[in-house]
Amino acid sequence: MSYKCVVLVKQVPDTKRITGQAMNADGTVNRAALPAIFNPEDLNALELALQIKDRFGGHVTVMTMGLPAASEVLRQALYRGADEAILITDRRCAASDTLATSYILSCAVRKRDYDIVLCGRQAIDGDTAQVGPQAAEKLGIAQITYVQELLDLEGDRITARRNIGNGWQEVRAKLPILLTVIDEANEPRVASARRLMKYKKARTPAELADKADAKALEEKGLLIQQWDLDFLEADLKWCGRDGSPTKVHRIQSVVLTAKETKNVEPTQPALNAMVHELIVDHTIG
Amino acid sequence: MIEVNTAGEVWVFAEQHAGMLEDTPMELMSKGRELADILKVPLAAVMLGDTCQEMVDCLAHYGADKVYLAEHPLLEHYQSTSYAKVIHDLIHKHKPQIVLYGATPCGRDLAPRVASAVKAGLTADCTDLQIGNHEVAKTGKVYENLLFQIRPAFGGNIIATIINFDRWPQMATVREGVMPMPEPDTHRKAKVVKEKVSLSQEDLALEILREQRQERKVNLKASRIIVAGGAGVGSRENFKQIWDLAHCLGGAPGATRAAVDLGFIDRDHQVGQTGTTVRPSLYIAAGISGAIQHQAGMSESQKIIAINNDPDAPIFNIAHYKILGDLNEVVPMMIKAIKEKA
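Going down the list, the protein sequences come from chains A and B. The numbering of the first sequence is this note's numbering, which starts it at 184 and goes up by one. The numbering of the second sequence is this note's numbering, which starts it at 2 and goes up by one.
Put into structure tokens, the structure is as follows:
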């Protein structure tokens, strides 16, 4: 039996790359200095889908919701082996919180036949881990979160091991199902050189200056599909700002400084003095 | 979603596994108590399971006025579909204004499923909760006594305060270890409300085949002193110095994600955004550059000593004692200093 997989991915700023260079003088982060990347755990989700296809056969569709620039992660998915890539882009998606995002993504997933929906556990820009379970609920299917290993897939039954923080759990469920995948699950493959050569010219209509180019790309199989909310037949009441119950009251930049820093020389007398100070103020002892 | 209901209770999801309450409901109870007192409404714990009567007293001791108890054989083991269904029904029945969950793997599996079903907002991994007013800039309309859901975002580089003023309940998951555990009061009693549960086998989507839960070998949250090493320690062998310094201070060894990924020490010791959040009296960071993800898990420490040979290491920005030098020389000298003083 072969399986149809839909992988939900996100383009994110590389928040892990925050070093001294990406910090402003006032201690806040210079976001412009951060590159946009494929959300790391979404790569693990894609890898798991590709492994399922390698082992059992099937089809891998990758979807992302974002600005036209997010097409880059779709190309990267194509380089790695995805069969189909879809960009969901619409101005009316702006300001969607996790609930609205999961609603829009669920509308997109419904446009395809699927057995397994996969996504990374969480995206490194928000770290909420909410979109996966919410999309599962919207689709009316069960979820297996924190998947660390796919143990078996037989007929319409999937067996997986999930990480439960202080241990693990092996569960079996019926398809269709949504999996959220953690980084321990696998080592994502790199782009295939042959596929990279082929798909580096792939574009979404939004990236084309001249719409006439779309036809030529489509004939070569290099036009990335682009869906908007009308195509998804989404109820606008549940999308974007209107569909988002959570609102931002305030944003503060974190300025990481100690109130008072003492320099201590790396010498025995200086360290003795520091230890003495810590004993006197009851920090140690 | 439910209507805005300012008389609604404050709820805490009482996570339990095999008859053992987790720490997080108790941690949430102290904050929940504070919020409920400001709002002048009862604080209730919501517990689901097979037989959990024995844990009810414990919830009362930690501050619950009321315990909603949903007992059913099919609720013996946690799973998202059945638990979400029961909590969804309870929310519609009792219309709480606030529902809090621990940001444990279980809470993070359950809460979004409930939020989606209830069509309410949910804020993940909060590090603080407050009650406050919000003015909508466009209309000038003021919403009073909302739950301020405060959390780091963007890899810990910003702190966002999230609210939801029109679609209730206001729900949040709260990071483990960030709220202090209250002192139990063994004289406190709670009103127990038994809820009728109707579930069938179809509500269980998962078949749980095997499960293993270990006691954590190290309890970082409970340690007054933590000595943590990063990639700069260099090797598993060299990490022995971190253990030695921790032992002579009566503290626990911690580590950055990088050190764990490099195999220097087990994951139980990981401090930071994806590990444990700690707030010890003293945090010694050796060979740790201080990535924001690590700082997110330890910046609340009362005193921070940073040892690093890179003068630009970000950890120095939050350190109270800055030691610019080679940890292989500094750590033995510190051990000597401590042994001679003690």
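Using N, Cα and C, we set each Cβ at its ideal position, and we do this for glycine too.
### Task
For D245 of chain B, decide whether its Cβ has a neighbour in chain A, counting only Cβ atoms nearer than 9 Å.
By the rule that beta-carbons nearer than 9 Å mark a contact, D245 of chain B does not touch chain A.
### Task
Check the C-beta distance from T82 of chain B over to A206 of chain B and give it rounded, since I have them as a contact under 8 Å.
Contact flag correct, Cβ pair sits at about 4 Å.
### Task
Identify whether T198 of chain A lies in helix, strand or coil by the three-state DSSP scheme.
Residue state, collapsed to three classes: helix.
### Message
Please tell me whether D51 of chain B has its Cβ less than 9 Å away from any Cβ of chain A.
### Response
No, no contact with chain A.
### Message
Run through chain A and tell me which residues come within less than 9 Å of I209 of chain B, C-beta to C-beta.
### Response
Against I209 of chain B, the close residues of chain A are Q352, E353, V354, R355, in the order they occur along the chain (beta-carbon pairs closer than 9 Å).
### Task
Write down every uninterrupted run of the beta strand (DSSP E) in the region 397-456 of chain A whose length is 3 residues or greater and which is fully enclosed by it, in chain order.
Runs of the beta strand (DSSP E) inside the region 397-456 of chain A: 408-410, 430-436, 445-447.
### Message
Distance cutoff 9 Å, beta carbons only. Does T124 of chain B sit that close to anything in chain A?
### Response
Taking Cβ atoms only, chain A reaches closer than 9 Å to T124 of chain B, which makes this a yes.
### Message
Beta-carbon within less than 6 Å of A228 of chain A's beta-carbon, same chain only, minus the 5 sequence neighbours each way: which residues are those?
### Response
Correct list, in chain order: V190, L301, C302, G303, V364.
### Message
I'd like to check one pair, D167 of chain B with P428 of chain A: are the Cβ atoms closer than 9 Å?
### Response
It is a contact, given that the beta carbons lie within the stated cut-off.
### Message
Using C-beta distances below 8 Å, list every residue in its chain close to Q496 of chain A, excluding the 5 sequence neighbours before and after it, in chain order.
### Response
Outside the shown range of chain A (184 to 468) lies residue 496 of chain A, about which nothing can therefore be said.
### Query
Comparing the C-beta of T444 of chain A with each C-beta of chain B, is any distance below 9 Å?
Judged by the 9 Å Cβ criterion, T444 of chain A is in contact with chain B.
### Query
With a cut-off of 9 Å, does the C-beta of V364 of chain A fall near any C-beta of chain B?
No, no contact with chain B.
### Query
Quick one: what's V272 of chain B bridged to in DSSP?
Looking at the DSSP assignment, V272 of chain B forms a beta bridge with B:T277.
### Query
Secondary structure at H242 of chain A, three-state DSSP: helix, strand or coil?
DSSP places H242 of chain A in strand when its eight states are reduced to three.
#### Entry: 9 Å Cβ cutoff met for L336 of chain A and R238 of chain A
Using a Cβ distance threshold of 9 Å, L336 of chain A and R238 of chain A count as a contacting pair.
### Query
Along chain B, in chain order, which residues have C-beta atoms closer than 8 Å to that of Q317 of chain A?
Against chain B, a Cβ distance below 8 Å from Q317 of chain A picks out P113, R114, A116, S117.
### Query
Does DSSP put N318 of chain B in a helix, a strand or coil?
N318 of chain B carries a helical assignment under DSSP once its states are collapsed to helix, strand and coil.
### Query
D267 of chain B to K195 of chain B, Cα distance in whole Å?
If you take the alpha carbons of D267 of chain B and K195 of chain B, they lie about 42 Å apart.
#### Entry: the region 413-437 of chain A: positions lying closer than 7 Å to chain B by Cβ
Listed in chain order, the positions of the region 413-437 of chain A with a beta carbon within less than 7 Å of a beta carbon of chain B are P428, T429, K430, V431, H432, R433, I434, Q435, S436, V437.
### Message
For Q194 of chain A, would you say it is in contact with chain B, using Cβ-to-Cβ distances shorter than 9 Å as the test?
### Response
Not closer than 9 Å to any Cβ of chain B, the Cβ of Q194 of chain A fails to qualify, so no.
### Query
With distances taken from CA atoms, which of A:T198, A:D225, A:C276, A:Y186 is nearest E370 of chain A?
Proximity to E370 of chain A across A:T198, A:D225, A:C276, A:Y186 peaks at A:D225, based on C-alpha coordinates.
### Query
Quick one: what does DSSP say H18 of chain B is sitting in, helix, strand or coil?
It is a strand residue.
### Query
When you compare each of B:A37, B:E77, B:K41 to M48 of chain B by their alpha carbons, which one comes out closest?
Nearest C-alpha to M48 of chain B: B:E77.
### Residues in the region 320-331 of chain A having any Cβ partner in chain B nearer than 9 Å
Per Cβ criterion, the list reads E320, K321, I324, A325, Q326, I327, T328, Y329.
### Query
How big is the Cα-Cα spacing for N263 of chain B and S436 of chain A?
In the sequence on display, residue 263 of chain B carries Leu and not Asn. Rounded to the nearest angstrom, the two C-alpha atoms are 31 Å apart.
### Query
Since L379 of chain A is in the beta strand (DSSP E), which residue starts that stretch and which ends it?
From DSSP, L379 of chain A is part of no beta strand (DSSP E) but of the alpha helix (DSSP H) over 376-382.
### Query
I think A178 of chain B touches S224 of chain B, with their Cβ atoms under 8 Å apart; what is that distance to the nearest whole Å?
With the sequence shown as reference, residue 178 of chain B is identified as Gly, and Ala is not the correct amino acid for it. 11 Å between Cβ atoms; not a contact.
### Message
For K241 of chain B and P333 of chain B, what's the separation of their Cα atoms in angstroms?
### Response
If you take the alpha carbons of K241 of chain B and P333 of chain B, they lie about 11 Å apart.
#### Entry: Distance, L333 of chain A Cα to A392 of chain A Cα
Roughly 43 Å separates the two Cα atoms.
#### Entry: First and last residue of the uninterrupted alpha helix (DSSP H) at W351 of chain A
From DSSP, W351 of chain A is part of no alpha helix (DSSP H) but of the beta strand (DSSP E) over 350-357.
### Task
Indicate whether at least one CB of chain B lies closer than 9 Å to the CB of L138 of chain A.
Residue 138 of chain A falls outside the range modelled here, since chain A spans only 184 to 468, and no answer is possible.
### Query
Which residues bound the alpha helix (DSSP H) around G243 of chain B?
Strictly speaking, residue 243 of chain B in this sequence is Ile, with Gly absent from that position. Where I243 of chain B is concerned, the enclosing alpha helix (DSSP H) stretches over 241-250.
### Task
Kindly indicate which residue of A:R378, A:R372, A:Q326, A:R377 has the alpha-carbon position closest to the one of P359 of chain A.
A:Q326 is the residue among A:R378, A:R372, A:Q326, A:R377 whose C-alpha sits nearest the C-alpha of P359 of chain A.
#### Entry: chain B contacts made by the region 301-315 of chain A, where a contact means CB separation under 7 Å
Along the region 301-315 of chain A, going in chain order, the ones with a CB nearer than 7 Å to a CB of chain B are I307, D308, G309, D310, T311, A312, Q313.
### Query
Does the Cβ of N344 of chain B have 16 or more other Cβ atoms within 10 Å, making it buried, or fewer, making it exposed?
An answer regarding residue 344 of chain B cannot be provided, because it is not within the stretch 2 to 343 covered by chain B.
### Message
So for C59 of chain B, helix, strand or coil by DSSP?
### Response
C59 of chain B: helix per DSSP, three-state reduction.
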